[in-house]
Amino acid sequence: MAQTDPLPSATGIHRCSGIPASPGAAVGPVARMAPPPSLPEQRPTTGKPGDEADRARRALEQVAELLDRRAAGLEGDAAAVLGAQALMARDPDLARRVGERTEEGDPAAWAVHSACGAYQELLQAAGGYLAERAADLADIRDRAVALLMGLPMPGVPDPGVAHVLVADDLAPADTVQLDTERVLGIVTRYGGPTSHTVILARALGIPAVVGCEGVEGLADGVTVAVDGDAGTVEVDPDEELADRMRRRAERRRALLAESTGPGRTADGTPVALLLNVGEGDPRKAGAHDSEGVGLLRTEFLFLGQAEPPTVAEQTAAYTSLFEAFAGRVVTVRTLDAGSDKPLSFVETGQEDNPALGMRGFRTSRVHPGLLTEQLSAIAAASLETSARVRVMAPMVSTPDEAAEFAALARRAGLTEVGVMIEVPGAALLADRLLPRVDFVSIGTNDLAQYTMAADRTLGALPDLLDPWQPALLRLVETVGAAGERSGRSVGVCGEAAADPLLALVLVGLGSTSLSMSAPALPAVRHALALHTRDECRRLAELAVAASSAEQAREAVRAAAHPETSSR
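Per UniProt numbering, the sequence shown runs over residues 1 to 567.
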């Protein structure tokens with residue numbers, strides 16, 4: 001949990017700690033995000049309700065177009081996040097709510113502000129994936145209001161020097177545009193280990209600490225030292241500490257530039273280093289120094305569509321990506337959607353707890369044709385290229401469900417079939433589940449929220465969602481041991497795999513592959529090369545034996561090779 005050190009700095013602001021979000025070190029002056037635009041107390045005289053509604057909708061469309069432009073040319077997580085946010089700005093239900101406000105007499109800016117606020121409350125109440133979108137909707141609101149009021153568009157500051165960006169939180173549209181030469185580090189007051197800020201900061205390779213209480217008091221220009229591995233922010237560091245952190249950052253850059261090739265431990269044990277891939281240019285994804293794809297998110301083909309894509313449309317999209325990874329493995333996750341990622345053509349009924357409801361593989365209970373068509377498309381595309389195509393289903397809970405999915409996939413013509421381990425029940429019965437499939441992949445983000453009974457979108461509980469939680473690691477150990485006994489491969493494709501220190505633990509727990517965003521590959525590859533498989537096992541024992549995430553992290557950091565995180 002984020003804590004504030006009782007020892008004050010020279011400025012009177014306490015040193016503080018938060019969630020280690022993106023590895024690395026940085027020293028520089030603070031540059032704070034400007035507050036969002038606010039509406040004046042005095043409302044202007046409004047025009048006709050229809051005209052105000054049109055102004056509001058045009059502003060929302062302008063925001064969507066801006067997001068589309070920023071997404072263009074991006075790949076993987078960054079493109080997927082911005083693409084989903086643009087769809088939100090164009091949501092017909094949001095436009096309807098805006099129209100209702102203007103009919104009640106609200107000016108366009110007030111209508112957007114009010115409609116977005118009401119929509120946010122609904123998303124937060126829904127939980128799961130929808131609650132994650134609430135922060136993205138706030139960014140849409142602020143940008144549209146700025147356009148309507150003629151105010152500067154919200155965005156990151158540009159102090160003219162390299163700096164540490166400090167904010168309450170960061171919108172995806174701003175995070176993906178950060179200049180990595182200027183932004184040395186990121187510190188946010190809110191956010192958890194699976195927030196968009198974390199995902200995108202790692203994708204950019206910028207050191208980051210999130211959920212860091214106390215940083216709201218930092219003024220522009222104050223020097224801070226950010227440790228993205230330890231999750232600490234030191235205010236007004238002395239020259240010795242500042243020099244040590246700068247040398248560490250330089251050494252890290254040099255080491256990572258030299259880290260290439262397949263993943264191997266120091267004694268030669270192979271650990272496949274793979275990519276998490278979503279929407280974007282497949283050629284750019286294929287150009288990275290990876291051994292293939294450990295997680296291909298297929299939702300980008302379905303979200304925002306009035307009708308499901310045809311088998312032919314899906315086949316063309318998959319073929320394009322498979323061709324970019326010719327000769328390498330591509331692991332395709334079937335549609336992970338349901339009541340918490342609503343699709344207009346997948347009706348699952350009202351649910352009080354969407355994260356616990358009809359999602360992932362479970363949607364095939366009510367819409368079996370959606371899955372069988374997708375499997376047919378994946379199988380057809382696999383015949384067109386030399387990629388080694390594997391397929392896996394999300395949200396599988398029992399050995400019987402694993403067997404059911406395997407039968408469907410093999411009937412479609414796919415030969416390598418696996419499932420995601422995201423539910424504690426599946427992890428606990430891994431010995432009975434693994435013989436039904438060819439491999440499994442652990443989704444640490446969902447497994448953490450179900451293990452700790454903590455909504456992954458709830459910023460108030462980031463410590464419980466920390467992937468270093470020993471309870472979570474014990475479940476990973478259970479799956480890893482079952483994989484070794486059955487001779488099946490066990491991958492990890494959650495955000496945990498992108499942490500170089502935690503990657504060692506995951507390998508020690510039995511993981512045979514790790515999947516992450518492209519910029520995380522060199523650091524993980526370097527960390528593995530410094531440690532033997534037995535050393536990874538010893539580090540794993542330390543982590544599982546700890547009583548808290550913080551103790552687990554510190555115990556492993558103290559025992560690991562000193563250059564693991566370039567300290």
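Glycine is no exception: its CB is placed at the ideal position from the N, C-alpha and C atoms. Here the structure is a predicted model, which is why all the values come from computation and not from measurement.
Subject >> For residue 418 and residue 390, believed in contact at Cβ under 8 Å, the rounded distance >> reply: 6 Å
**OP:** With a threshold of 16 other CB atoms inside 10 Å of the CB of residue 202, please say whether the residue is buried or exposed.
**Re:** buried
Original post:
Taking the alpha carbon of residue 90 as the point to measure from, which residue in 191, 432 and 67 has its own alpha carbon closest?
Top reply: 67
Original post:
Just curious, the beta strand (DSSP E) that residue 361 is in, first and last residue?
Top reply: Segment: none, residue 361 is in no beta strand (DSSP E) and carries neither H nor E.
**OP:** Look up residue 17 in the DSSP assignment and say whether it is helix, strand or coil.
**Re:** strand
Original post:
Ordered along the chain, which non-local residues of its own chain (more than five positions away) have a Cβ less than 7 Å from that of residue 401?
Top reply: Counting only residues of its own chain and dropping the five nearest sequence neighbours on each side, residue 401 has a CB closer than 7 Å to the CB of 361.
Subject >> Whole-angstrom distance between residue 45 and residue 522, CA atom to CA atom >> reply: 57 Å
Original post:
Does the Cβ-Cβ distance between residue 560 and residue 506 come in under 8 Å?
Top reply: no
**OP:** Tell me where the alpha helix (DSSP H) around residue 526 begins and ends.
**Re:** 521-529
Original post:
Under a Cβ-count criterion, where at least 16 other Cβ atoms within 10 Å of its own Cβ denotes burial, should residue 508 be classed as buried or exposed?
Top reply: buried
Original post:
Between the Cα of residue 289 and the Cα atoms of 414, 260 and 199, which residue gives the shortest distance?
Top reply: It is 260.
**OP:** Evaluate the contact criterion for the stretch 371-384 versus the stretch 306-324: three or more CB pairs, one atom per stretch, below 8 Å.
**Re:** yes
Subject >> residue 339 burial status per 10 Å Cβ neighbour count (16 or more: buried) >> reply: Legend: pLDDT at residue 339 = 49, less than 50; position of this residue unreliable, value from coordinates given subsequently. Burial call: buried.
**OP:** Report the three-state DSSP secondary structure of residue 353 (helix, strand or coil).
**Re:** coil
**OP:** Could you give the DSSP three-state label for residue 227: helix, strand or coil?
**Re:** strand
Original post:
Would you call the CB atoms of residue 427 and residue 348 closer than 8 Å?
Top reply: Going by C-beta atoms, residue 427 is not nearer than 8 Å to residue 348.
Original post:
For residue 109 versus residue 60, is the C-beta spacing smaller than 8 Å?
Top reply: no
**OP:** Let me know the secondary structure DSSP gives residue 367 once reduced to three states.
**Re:** coil
**OP:** List the whole-angstrom C-beta distance separating residue 513 from residue 274, where the pair is believed to meet the contact cut-off of C-beta under 8 Å.
**Re:** 6 Å
Subject >> Exposure of residue 10, with buried meaning 16 or more beta-carbon neighbours within 10 Å >> reply: Residue placement at residue 10 is flagged as unreliable, the pLDDT there being 43, under the threshold of 50; the coordinate-derived value follows with that caveat. Exposed, since its Cβ has fewer than 16 Cβ neighbours within 10 Å.
Original post:
Using CA coordinates, which residue listed in 543, 24 and 233 is at the minimum distance from residue 17?
Top reply: When 543, 24 and 233 are compared, the shortest CA-CA separation from residue 17 is found for 233.
Subject >> Backbone secondary structure at residue 375 - three-state DSSP >> reply: helix
Original post:
Buried or exposed: which applies to residue 282, given that a residue is buried once 16 or more other Cβ atoms fall within 10 Å of its Cβ?
Top reply: buried
Original post:
Quick one: what's got a C-beta closer than 7 Å to residue 445's C-beta in the same chain, skipping five residues either side?
Top reply: Excluding positions up to five away in sequence, the list reads 194, 456, 494 and 495.
**OP:** Output the distance between the C-alpha atoms of residue 295 and residue 150, rounded to the nearest integer angstrom.
**Re:** 42 Å
Original post:
Would residue 228 pass as a contact of residue 22 if the rule is Cβ separation under 8 Å?
Top reply: yes
Subject >> Status (buried if at least 16 other CB within 10 Å, exposed otherwise) for residue 439 >> reply: buried
**OP:** Would you tell me roughly how many angstroms separate the C-alpha atoms of residue 548 and residue 469, rounded to the nearest one?
**Re:** 6 Å
Original post:
Which residues share a DSSP beta bridge with residue 397?
Top reply: None; residue 397 has no bridge partner.
Original post:
For the candidate residues 563, 356, 156 and 123, whose alpha-carbon lies nearest to that of residue 451?
Top reply: In terms of CA proximity to residue 451, 356 leads the group 563, 356, 156 and 123.
**OP:** Measure the beta-carbon distance from residue 31 to residue 165 and round it to whole angstroms, keeping in mind my assumption that it falls under 8 Å.
**Re:** 6 Å
Original post:
Given that a residue counts as buried once 16 or more other Cβ atoms are within 10 Å of its Cβ, and exposed if not, what is residue 230?
Top reply: buried
Subject >> Beta carbon of residue 115 nearer than 8 Å to that of residue 82 >> reply: No; because the gap between Cβ atoms is not below 8 Å, this pair is not in contact.
Original post:
Helix, strand or coil: which one does DSSP assign to residue 392?
Top reply: Residue 392 falls in the strand class under three-state DSSP.
Original post:
What three-state label does DSSP hand residue 325 in the structure shown?
Top reply: coil
Original post:
Between residue 323 and residue 79, what straight-line distance do the alpha-carbon atoms span, to the nearest angstrom?
Top reply: 20 Å
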